[in-house]
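Undergrad: Chains as they are written, first to last, in the numbering used here: chain A, 1 to 496; chain B, 1 to 496.
Glycine residues also receive a C-beta, built at the ideal position from the N, C-alpha and C atoms.
Protein chains: 2
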Amino acid sequence: MGYAALEARYRELGDLGHVSAMLNWDEAVMMPVGGGEARAQAMATLSALIHREVVSADTGAWLSQAQAQDDLDAWQAANVREIARERTRAMALSESLVRERTSVAARCEQIWRSARPTSDWAAVVAPLAKLLDLTRETAQRLGDATAMAPYDALLDMYQPGISCAQIDPVFADLREFLPPLIETVLVRRAAPLPLPGPFPRAQQEALGRELMSRIGFDFAHGRLDVSHHPFCGGAPEDTRITTRYDEAEFLPSLMAVLHETGHALYEQGLPKAWRNLPVGEAAGMAVHESQSLLMEMQVCRSREFLQFAAPIIAAHLGGAHANEAAWQADNLYLGSTQVRRGLIRVDADEVTYPLHVILRYEFEQALLGGELQVVDIPDAWDQKMRATLGRATGSNHRDGCMQDVHWFAGLFGYFPCYTLGAVMAAQFFAAAQQKHGAIVAGVSRGDFAPLLNWLRENVHGRGRLVAPEQLLIDATGATLGTAAFKAHLTQRYLNA
Amino acid sequence: MGYAALEARYRELGDLGHVSAMLNWDEAVMMPVGGGEARAQAMATLSALIHREVVSADTGAWLSQAQAQDDLDAWQAANVREIARERTRAMALSESLVRERTSVAARCEQIWRSARPTSDWAAVVAPLAKLLDLTRETAQRLGDATAMAPYDALLDMYQPGISCAQIDPVFADLREFLPPLIETVLVRRAAPLPLPGPFPRAQQEALGRELMSRIGFDFAHGRLDVSHHPFCGGAPEDTRITTRYDEAEFLPSLMAVLHETGHALYEQGLPKAWRNLPVGEAAGMAVHESQSLLMEMQVCRSREFLQFAAPIIAAHLGGAHANEAAWQADNLYLGSTQVRRGLIRVDADEVTYPLHVILRYEFEQALLGGELQVVDIPDAWDQKMRATLGRATGSNHRDGCMQDVHWFAGLFGYFPCYTLGAVMAAQFFAAAQQKHGAIVAGVSRGDFAPLLNWLRENVHGRGRLVAPEQLLIDATGATLGTAAFKAHLTQRYLNA
Chain A
1 MGYAALEARY RELGDLGHVS AMLNWDEAVM MPVGGGEARA QAMATLSALI HREVVSADTG
61 AWLSQAQAQD DLDAWQAANV REIARERTRA MALSESLVRE RTSVAARCEQ IWRSARPTSD
121 WAAVVAPLAK LLDLTRETAQ RLGDATAMAP YDALLDMYQP GISCAQIDPV FADLREFLPP
181 LIETVLVRRA APLPLPGPFP RAQQEALGRE LMSRIGFDFA HGRLDVSHHP FCGGAPEDTR
241 ITTRYDEAEF LPSLMAVLHE TGHALYEQGL PKAWRNLPVG EAAGMAVHES QSLLMEMQVC
301 RSREFLQFAA PIIAAHLGGA HANEAAWQAD NLYLGSTQVR RGLIRVDADE VTYPLHVILR
361 YEFEQALLGG ELQVVDIPDA WDQKMRATLG RATGSNHRDG CMQDVHWFAG LFGYFPCYTL
421 GAVMAAQFFA AAQQKHGAIV AGVSRGDFAP LLNWLRENVH GRGRLVAPEQ LLIDATGATL
481 GTAAFKAHLT QRYLNA
Chain B
1 MGYAALEARY RELGDLGHVS AMLNWDEAVM MPVGGGEARA QAMATLSALI HREVVSADTG
61 AWLSQAQAQD DLDAWQAANV REIARERTRA MALSESLVRE RTSVAARCEQ IWRSARPTSD
121 WAAVVAPLAK LLDLTRETAQ RLGDATAMAP YDALLDMYQP GISCAQIDPV FADLREFLPP
181 LIETVLVRRA APLPLPGPFP RAQQEALGRE LMSRIGFDFA HGRLDVSHHP FCGGAPEDTR
241 ITTRYDEAEF LPSLMAVLHE TGHALYEQGL PKAWRNLPVG EAAGMAVHES QSLLMEMQVC
301 RSREFLQFAA PIIAAHLGGA HANEAAWQAD NLYLGSTQVR RGLIRVDADE VTYPLHVILR
361 YEFEQALLGG ELQVVDIPDA WDQKMRATLG RATGSNHRDG CMQDVHWFAG LFGYFPCYTL
421 GAVMAAQFFA AAQQKHGAIV AGVSRGDFAP LLNWLRENVH GRGRLVAPEQ LLIDATGATL
481 GTAAFKAHLT QRYLNA
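In structure tokens:
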């Protein structure tokens with residue numbers, strides 16, 4: 001009885017989530033710049049309304065009743081668990097704090113968007129400092145309510161169940177393992193034959209669409225568009241991915257499409273019966289990232305995938321050169337697995353990428369803890385980049401501390417998900433391959449059904465039925481560990 | 001005190017209105033077909049939430065307090081008047097009726113969208129009948145609450161203050177005036193020199209954007225896109241118009257752009273201080289249509305506008321023929337003022353258009369009153385089209401009773417706004433010209449400031465400060481009448 005009312009309330013909240021997701025997509029892909037202020041205001045009101053319904057007394061009463069019910073099935077019980085978790089966190093925050101943080105974050109992101117092209121750090125200092133204050137207050141309140149340290153409370157917002165205690169050993173391991181690997185790879189790795197452009201945008205898009213369809217993206221329930229940064233947004237019934245095109249180079253854009261396709265397949269594969277309810281959502285952003293990275297890094301940058309894809313890529317983009325060696329699988333594989341110490345996280349290869357994330361993880365802890373002030377970020381960034389990747393940024397903030405949207409959108413605590421996702425992706429894919437030899441063989445001839453079936457069964461279709469740790473154990477037989485990831489990198493970059 | 005709380009509540013409701021407007025635009029322009037069901041559900045929840053807040057006890061208490069306040073300025077008092085009007089109407093409806101009608105309308109529209117291309121009338125009968133039932137119930141309840149006849153209560157939803165009592169004499173007058181005018185024009189009007197296509201879509205779009213900018217559309221606060229039917233959506237800060245392109249013919253698309261630009265200028269010119277509040281909204285859909293038709297029919301199909309625009313049009317589309325007579329103002333004017341008895345309302349010229357609307361007005365009254373059943377619409381349509389415009393539709397429902405989205409979206413009572421808008425447009429433009437000789441002179445050299453200033457001052461910037469009847473009187477010195485419209489048609493089609 002309590003459960004039925006609670007579920008109805010959360011279906012309504014799920015509708016508001018659908019609305020928010022669509023408007024977020026619209027803001028990044030469609031909105032004219034002058035629409036920003038009204039949009040920030042509308043998003044703040046939506047977040048306030050959602051908060052108001054979550055913390056309302058009747059939601060609380062129905063939740064208590066549902067928690068006492070013994071007639072719930074496993075999905076319903078998991079739904080109640082997720083709702084309780086979400087409500088505890090919401091109860092820790094006032095509506096005015098939620099509204100203000102949403103609105104300040106939206107405006108800060110808009111200011112960042114126009115300031116970044118000219119590295120105009122001065123323009124973002126004040127809004128970012130304000131946003132950090134509000135985030136610190138949010139983290140403190142969430143931490144108090146859940147008996148977590150403030151930064152752990154933020155991490156838990158994006159990937160439930162994850163804390164520094166689990167991240168630290170993983171990151172420490174990678175911090176030790178990666179630098180010597182990078183050194184070796186930089187010496188050994190051959191350069192690919194150049195691929196002669198230009199590659200008209202329309203042709204790149206047609207290629208992306210063809211490969212998306214082949215892999216399993218459902219265009220009746222989704223779109224491909226262009227935005228400043230590639231992302232996957234929307235809802236399971238209407239999943240919208242984006243990329244950006246550079247007519248001189250097609251691999252970065254194509255790999256972004258394939259990466260976002262991994263995210264999209266997760267969304268499109270979430271359990272249909274539990275749509276719009278917490279238990280029907282993805283298991284967290286690290287798990288989400290594991291799906292995009294499994295698709296991009298484990299599958300699409302593999303020699304097997306490129307054996308299948310090379311003729312398709314060449315047909316779309318190779319023109320008169322399509323039969324030359326540059327357009328064959330071996331060379332595309334070499335091009336897809338280059339390693340370099342770059343400034344930009346989103347352009348980084350899978351070997352250097354974790355170092356970009358670890359750097360941000362350390363920044364976030366210092367910012368949250370008050371040991372680092374916003375105004376000091378650029379200098380600290382320059383120093384850390386020199387120390388970590390041997391690259392200085394100086395006053396090139398655009399490619400330094402202003403490169404990522406996350407902090408300017410208030411997403412402190414999100415970055416670790418990228419590397420946790422990479423680690424999980426390797427672990428998932430190793431387990432899948434072990435159980436089904438047909439997966440890689442399928443990929444090499446463009447048959448993605450064995451792979452997709454495994455993912456649907458072991459990840460996508462489970463939503464939040466079990467805790468993320470359990471999801472990983474059920475699928476792979478082990479808790480989170482770096483072994484598969486390190487084995488994958490060693491195999492691809494040293495042994496192959 | 002009551003007023004301040006009431007205004008805060010309505011700013012929040014205004015945000016939800018912004019959200020709804022954006023999602024409506026998205027549905028027509030962006031949404032993949034499979035997203036329809038989730039979207040309909042989300043829109044229904046939004047409408048239910050808005051209804052819930054409007055009818056809530058605290059909204060009622062604040063409204064009563066505000067109505068008793070004597071310290072309100074004219075805008076605040078008008079805001080209270082509009083809120084009271086809206087609340088009376090909302091109180092007449094249950095949340096479940098609002099939710100069901102929104103959701104059934106959204107689904108019915110989606111079904112119509114896929115059924116129309118094949119004239120599949122059978123697919124829409126049941127959903128349309130269901131929607132008509134819900135609309136009839138809505139009309140009855142609204143009528144009871146406002147002491148109006150049910151159909152008047154629907155008319156009042158789109159254009160406050162308008163009823164059959166005012167529409168009937170206007171339509172009777174036109175029904176008498178137009179047929180002989182059409183006969184004469186069809187005999188007399190010369191055909192234009194043909195304009196050789198094809199006209200690539202990108203070039204048509206560039207032309208549309210240039211003329212939009214020249215007229216005053218603010219692209220920092222708006223967009224131009226493509227949809228099945230041209231429309232103007234979004235919000236004042238983010239006004240989104242659409243058109244559709246036919247590469248064989250550019251005038252219909254261009255005129256649609258200019259028409260929607262008229263709507264957009266109204267939105268972008270609404271009073272900034274009252275954004276997101278009822279008093280800051282447009283004065284009604286007939287007044288809105290007067291602004292699009294003033295721009296399209298009075299201004300952009302005039303010889304003066306085409307004198308300015310011809311070289312721009314020719315530069316974008318004329319290619320090697322740009323200097324030939326076909327691309328000169330005189331021929332473009334002839335092409336823009338052709339009259340024919342067609343099947344399609346949206347393709348109709350300004351002389352035959354009112355007959356399309358009058359036909360629909362009669363249908364709506366018969367459908368609401370129960371004298372006509374949904375299943376009998378196609379035969380009745382065929383008969384009425386023969387009688388009114390001498391054209392049979394037979395089983396060509398696509399271009400017959402399935403041509404318009406309105407009924408399938410639940411918008412019964414909307415159609416009269418088009419012709420009331422045409423009549424008002426002529427009345428506004430005649431008054432503007434009389435007071436400012438500079439307006440037409442400005443248009444002929446591409447200076448739209450005198451026109452836009454007059455519109456901003458007399459229409460756009462006034463929002464809902466005064467009742468629509470009063471807005472018309474203040475701007476033109478007269479109540480609604482057909483004199484200016486008939487004079488305009490006579491001048492353009494018989495005397496020129």
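Going residue by residue through the stretch 68-149 of chain B, where are the continuous alpha helix (DSSP H) segments of at least 4 residues, counting only ones entirely within it?
TA: If we require 4 residues or more, the alpha helix (DSSP H) runs fully inside the stretch 68-149 of chain B come out as 74-91, 95-115, 121-146.
Undergrad: Should the stretch 152-161 of chain B be regarded as contacting the stretch 301-316 of chain B, the criterion being three or more beta carbon pairs within less than 8 Å?
TA: No, because fewer than three Cβ pairs between the stretch 152-161 of chain B and the stretch 301-316 of chain B fall closer than 8 Å, the two stretches do not touch.
Undergrad: By the three-class DSSP mapping on this structure, what secondary structure does Leu-195(A) have?
TA: If DSSP states are grouped into helix, strand and coil, Leu-195(A) belongs with coil.
Undergrad: Can you check whether the C-beta of Val-497(B) is within less than 8 Å of a C-beta belonging to chain A?
TA: Residue 497(B) falls outside the range modelled here, since chain B spans only 1 to 496, and no answer is possible.
Undergrad: Applying a beta-carbon distance threshold of less than 9 Å, which residues of chain B neighbour Ala-4(A)?
TA: Near Ala-4(A) there are no residues of chain B at all, since even the closest Cβ is about 17 Å away, more than 9 Å.
Undergrad: When you compare only the Cα positions, how much space is there between Gly-17(B) and Met-385(A)?
TA: Each residue's alpha carbon lies about 46 Å from the other.
Undergrad: Is it right to say Ala-422(B) is buried, meaning 16 or more other beta carbons lie within 10 angstroms of its own, or is it exposed?
TA: Buried, since its Cβ has 16 or more Cβ neighbours within 10 Å.
Undergrad: Indicate whether at least one CB of chain A lies closer than 8 Å to the CB of Met-212(B).
TA: It does not; no Cβ of chain A falls within 8 Å.
Undergrad: Between the alpha carbons of Asp-447(A) and Ile-167(A), how many angstroms are there, rounded?
TA: Distance between the alpha carbons of Asp-447(A) and Ile-167(A): 35 Å.
Undergrad: Taking the straight line between their C-alpha atoms, what separation do you get for Arg-113(A) and Ala-129(B)?
TA: Roughly 49 Å between the two C-alpha positions.
Undergrad: Using a beta-carbon distance below 8 Å, is Phe-217(B) in contact with chain A?
TA: No, because no Cβ of chain A sits closer than 8 Å to the Cβ of Phe-217(B).
Undergrad: Taking the C-alpha atoms as reference points, what is the distance between Tyr-10(A) and Leu-23(A)?
TA: If you take the alpha carbons of Tyr-10(A) and Leu-23(A), they lie about 20 Å apart.
Undergrad: When the Cα atoms are used, what is the spatial distance from Phe-199(B) to Leu-155(B)?
TA: One C-alpha to the other measures close to 40 Å.
Undergrad: What's the C-alpha gap between Ala-314(B) and Ala-202(A)?
TA: Cα-Cα distance, rounded: 28 Å.
Undergrad: Alpha carbons only, please: which of Ala-61(B), Gly-14(B), Leu-420(B), Gly-477(B) is nearest the one belonging to Val-287(B)?
TA: If we check each option's Cα against that of Val-287(B), Leu-420(B) comes out closest.
Undergrad: Excluding the 5 residues preceding and the 5 following Glu-364(A) in the sequence, name in chain order all residues of the same chain whose CB lies nearer than 6 Å to its CB.
TA: Contacts found: Phe-412.
Undergrad: What does His-502(A) touch in chain B if you count any residue whose Cβ is under 8 Å from its own?
TA: For residue 502(A) there is no data in the structure shown, the boundaries of chain A being 1 and 496.
Undergrad: Can you give the Cα-Cα distance for Ala-68(B) and Ser-119(B), rounded to whole angstroms?
TA: Each residue's Cα considered, the two are about 55 Å apart.
Undergrad: Against chain E, does Asp-26(A) count as a neighbour if the rule is that its beta carbon must be under 8 Å from one of theirs?
TA: Looking at the structure shown, chain E is missing, and the protein chains on hand are A and B.
Undergrad: Measuring only between beta-carbons, confirm whether His-18(A) sits less than 8 Å from chain B.
TA: True, the Cβ-Cβ gap to chain B drops below 8 Å.
Undergrad: Does the beta carbon of Ala-38(A) come closer than 8 Å to any beta carbon on chain B?
TA: By this cut-off, Ala-38(A) is an interface position.
Undergrad: Closest by CA to Ala-228(B), which one among Ile-215(B), His-51(B), Tyr-245(B), Ala-147(B)?
TA: Reading off the sequence shown, one finds His at residue 228(B), where the question assumed Ala. Nearest option by C-alpha distance: Tyr-245(B).
Undergrad: Indicate whether at least one CB of chain B lies closer than 8 Å to the CB of Glu-267(A).
TA: No, Glu-267(A) lies away from the interface with chain B (no Cβ there is under 8 Å from its Cβ).
Undergrad: So the beta strand (DSSP E) Ile-241(B) belongs to, where does it begin and stop?
TA: Element bounds for Ile-241(B): 238-243.
Undergrad: Contact criterion: CB-CB distance below 8 Å. Does Asp-73(B) meet it with respect to chain A?
TA: So, not an interface residue.
Undergrad: Does the beta-carbon distance from His-90(B) to Asp-144(B) come in below 8 Å?
TA: The question names His, but residue 90(B) in the sequence shown is Ala. The answer is no: Cβ separation not under 8 Å.
Undergrad: Considering only residues of the same chain and omitting the five flanking positions on each side of Ser-103(B), which have a CB-CB separation below 6 Å?
TA: Same-chain partners within the cutoff: Ala-40, Ala-44.
Undergrad: What residue from Ala-264(A), Ala-149(A), Gly-335(A) has the CA that sits closest to His-460(A)'s CA?
TA: Taking only the C-alpha atoms, the option nearest His-460(A) is Ala-264(A).
Undergrad: I'd like to check one pair, Arg-301(B) with Ser-253(B): are the Cβ atoms closer than 8 Å?
TA: No, these two residues do not count as a Cβ contact at 8 Å.
Undergrad: How far does the alpha helix (DSSP H) with Cys-164(B) in it reach, from first residue to last?
TA: Per DSSP, Cys-164(B) belongs to the alpha helix (DSSP H) from 164-188.
Undergrad: What residues in its chain sit with their C-beta under 6 Å from that of Thr-243(B), if we drop five residues either side in the sequence?
TA: Only Pro-230, Ser-253, Ala-256, Val-257 meet the Cβ criterion.
Undergrad: With distances taken from CA atoms, which of Ser-96(B), Leu-334(B), Leu-72(B), Leu-132(B) is nearest Val-375(B)?
TA: Of the candidates Ser-96(B), Leu-334(B), Leu-72(B), Leu-132(B), the one whose C-alpha sits nearest the C-alpha of Val-375(B) is Leu-132(B).
Undergrad: Return helix, strand or coil for Leu-258(A), following the three-state DSSP convention.
TA: Of the three classes helix, strand and coil, the one that applies to Leu-258(A) here is helix, per DSSP.
Undergrad: Just the C-alpha distance for Cys-401(A) and Ala-475(B), rounded to the nearest angstrom, thanks.
TA: Approximately 56 Å, taken between the alpha carbons.
Undergrad: Using a C-beta to C-beta distance shorter than 8 Å, which residues of chain B count as neighbours of Ala-235(A)?
TA: The answer, in chain order, is Gly-35, Ala-38.
Undergrad: From the DSSP output, in three-state form, read off Leu-224(B) for me.
TA: In the structure shown, Leu-224(B) sits in a strand (DSSP, three-state: E or B).
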